[in-house]
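-17 is the number of the first residue of the sequence shown in our numbering; add one for each residue after it.
I have placed the structure first, in the form of structure tokens, so that the comments after it can refer back to it.
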Amino acid sequence: MLLFLTSNENIGILDFLQDKKNMIIKKLSGEFYLKKFIIHDMKSLDHYSYVVVDLDCLKDSDDDVIEAMEAFRTIYNPRLIIIAKNIENALLSRIVNEAKVYNVITSTDIEKIQEDIRMCLDYEEKFNEQVIKYVKRLNLKYSFTNDNTKIFVAGVKSKFSATKTAINLATFLADIGAKVSYTEANESGYLSRIASYYGFKDSSYKYVEYYYNGNIPLDCNFNIIDIGLLKEKKLKAFNSSDVADIKILCGAAKQSEFEDLANILRGAGEDLNVILSSSSEKEKNSIRKLLKSQKNKIYFTDDSIELFDMKNSNIFMQLLNQYIVENK
């Protein structure tokens, strides 16, 4: 059974559960003081499995809402679910961090609310994880100086080196609060296979929006554009400061790639960020000698870096320091 405290406007929002799950729903509509209701009016809640509260029907102060939810968790067994279409970020943060209530649905579209309700009922742990991550992002440590900063990422010999670096860079930026897109602007087809393996939903994963076929959105802090192997026909676009704000060249600090790297650098010019995987100091020193006359910046990573890996955070922060500001 489910008890639903709701505003008159949202009274029918859970009716789909009666048809889809044969769930018995008791509705109480109007205006309520949640603190008074929980402490004084709800004497026998344990026969309900769920109590859903529509924040639009509450007249409590924010402090009383938090106190009421804390009391609910202490006194009663049913799962508390909050529908919070018009919630302020500050109150949402308090509900999650102070009251420890994680089943909070902030969607405004009815279909999305119902989808979130289903997920909340059937996959509570996964839903709670998403809410916690979302609230964590509200208290951003960083802000970003530009919109739609375009970062071109290319590979020396292996197509996948560019893809791995581009995805890890996008993951890092999203983790610190940036709005980020990744665009597959090459013919490798890696993105489809990665999306299938990791189960991307609606082309979104770990707060990064993924785009196929070279599409680049216009409402991000950073657009990560994976152009694959840096062949001659791509050099013009890669070199153009009118297209790329930042250029990253990826490869391995191995003897077998030295010649290819040198040839590309001759054609690609300077002002590059060269990220090379390495496993020994000997490899690093050989590359440094090769590039000693270059003005490009060189960064070395561990050979063991995987997809969605945050081990390169320090490198990415150095690389983008003029675009990222630490909030006081």
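Just so it is clear, CB atoms sit at the ideal spot from N, CA and C, and this is done for glycine as well.
Bear in mind the structure is a predicted one, so any value in this text is a computation, not a measurement.
What residue from Leu(-16), Thr127, Phe142 has the CA that sits closest to Leu27's CA? As a first step, residue 27 must be located in the sequence shown, where it is residue number 45. Among Leu(-16), Thr127, Phe142, the Cα nearest to that of Leu27 is on Leu(-16).
With DSSP as the reference, please indicate the residues paired to Ser326 in a beta bridge. The first residue shown for the chain is -17 and the last is 310, placing residue 326 beyond what the model contains.
Residue from Asn195, Ile87, Gln304, Asp208 with nearest C-alpha to Ile133: By 1-based counting over the sequence shown, the position of residue 133 is 151. Comparing Cα-Cα distances from Ile133 to each of Asn195, Ile87, Gln304, Asp208, the minimum goes to Asp208.
Contact check, Asn71 vs Leu103, beta carbons under 7 Å: Counting from one through the sequence shown, the residue named residue 71 turns up at place 89. Counting from one through the sequence shown, the residue named residue 103 turns up at place 121. The answer is no: Cβ separation not under 7 Å.
So, is Ser163 buried or exposed, given that buried needs 16 or more other C-beta atoms within 10 angstroms? Here residue 163 corresponds to residue number 181 of the sequence shown, with the count starting at 1. It is buried - the Cβ of Ser163 has at least 16 other Cβ atoms within 10 Å.
Please name the residue, chosen from Tyr193, Ser75, Ile92, that lies closest to Ile(-7) on a Cα-to-Cα basis. Translated into the one-based positions of the sequence shown, residue -7 becomes position 11. Considering only alpha carbons, the answer is Ile92.
Residues in the same chain with beta-carbon distance under 7 Å from Leu173, minus the five sequence neighbours each way, listed in chain order, please. Against the sequence shown, residue 173 aligns to sequence position 191. Glu166, Tyr192, Tyr194, listed in sequence order.
What residue range does the alpha helix (DSSP H) around Leu120 cover? What you label residue 120 is simply residue 138 of the sequence shown in a count that begins at 1. Its alpha helix (DSSP H) spans residues 106 to 120.
Span of the alpha helix (DSSP H) holding Thr153? Numbered from its first residue, the sequence shown carries residue 153 at position 171. From DSSP, the alpha helix (DSSP H) with Thr153 extends over 141 to 157.
DSSP on Thr88, reduced to helix/strand/coil? The residue given as residue 88 occupies position 106 in the sequence shown. Of the three classes helix, strand and coil, the one that applies to Thr88 here is coil, per DSSP.
Between Glu80 and the rest of its own chain, which residues show a CB-CB distance below 8 Å, the 5 nearest in sequence each way excluded? Locating residue 80 in the sequence shown gives position 98, where the first residue counts as 1. Once the five neighbours on either side are set aside, the close Cβ partners of Glu80 are Ile48, Glu52.
DSSP three-state label for Asp242, please. Your numbering for residue 242 matches position 260 in the sequence shown. Correct three-state label for Asp242: helix.
Given 8 Å, three or more beta-carbon pairs between the stretch 267 to 280 and the stretch 291 to 298: Between the stretch 267 to 280 and the stretch 291 to 298 there are fewer than three C-beta pairs closer than 8 Å, too few to call the two in contact.
Could you check the C-alpha separation between Ile63 and Asp98 for me, to the nearest Å? In the sequence shown, counting from the first residue as 1, residue 63 sits at position 81. In the sequence shown, counting from the first residue as 1, residue 98 sits at position 116. If I take the Cα positions, the gap works out to 11 Å.
Whole angstroms is fine: what's the gap from Val117's alpha carbon to Ser75's? Locating residue 117 in the sequence shown gives position 135, where the first residue counts as 1. Locating residue 75 in the sequence shown gives position 93, where the first residue counts as 1. If you take the alpha carbons of Val117 and Ser75, they lie about 6 Å apart.
C-beta contact flag for Tyr124 and Ile(-5) at 7 Å: Translated into positions along the sequence shown, residue 124 becomes position 142. Translated into positions along the sequence shown, residue -5 becomes position 13. Taking the C-beta atoms as reference points, Ile(-5) is found no nearer than 7 Å to Tyr124.
Cut-off 6 Å between Cβ atoms - residues of its own chain near Gly249, not counting five sequence neighbours on either side: Taking the first residue of the sequence shown as 1, we reach residue 249 at position 267. Cβ within range, chain order: Leu217.
If you scan the stretch 17 to 87 from start to end, which runs of the beta strand (DSSP E) of 3 or more residues do you find wholly inside it? 32 to 36, 61 to 65
Quick one: what's got a C-beta closer than 7 Å to Asn130's C-beta in the same chain, skipping five residues either side? Here residue 130 corresponds to residue number 148 of the sequence shown, with the count starting at 1. Counting only Cβ-Cβ distances below 7 Å, and skipping sequence neighbours, we find Leu200, Cys202, Asn205.
Buried or exposed: where does Phe54 fall if 16 or more other Cβ atoms within 10 Å of its Cβ makes it buried? In the sequence shown, residue 54 corresponds to position 72, counting from 1. Phe54 should be labelled buried.
The beta strand (DSSP E) with Lys9 in it runs from where to where? As a first step, residue 9 is located in the sequence shown; it is residue number 27 there, counting from the start. Run containing Lys9: 7 to 11, per the beta strand (DSSP E) assignment.
Just to confirm the assignment, what range does the alpha helix (DSSP H) spanning Leu(-1) have? By one-based count along the sequence shown, residue -1 stands at place 17. Note, Leu(-1): alpha helix (DSSP H), -2 to 2.
Rounded to whole angstroms, what is the Cα-Cα separation between Leu10 and Lys161? For the purposes of this step, residue 10 is taken as residue 28 along the sequence shown, with counting starting at 1. For the purposes of this step, residue 161 is taken as residue 179 along the sequence shown, with counting starting at 1. Approximately 40 Å between the Cα atoms of the pair.
Beta carbon of Leu289, beta carbon of Ile158: below 7 Å? Position 307 of the sequence shown, counted from the start, is the residue given in the question as residue 289. Position 176 of the sequence shown, counted from the start, is the residue given in the question as residue 158. No, these two residues do not count as a Cβ contact at 7 Å.
Same chain, Cβ closer than 6 Å to Ile20, five either side skipped, listed in chain order: Mapped onto the sequence shown, residue 20 falls at position 38. Correct list, in chain order: Ala50, Ala53, Phe54.
Beta-carbon contacts of Ile287 that lie in its chain and below 8 Å, excluding the five residues immediately before and after: For the purposes of this step, residue 287 is taken as the residue at position 305 of the sequence shown. Within the same chain, Ile287 has close Cβ partners Lys146, Asn150, Ser259, Lys293, Asn294.
Just how far apart, CA to CA, sit Gln304 and Ala144? By one-based count along the sequence shown, residue 304 stands at place 322. By one-based count along the sequence shown, residue 144 stands at place 162. Approximately 22 Å between the Cα atoms of the pair.
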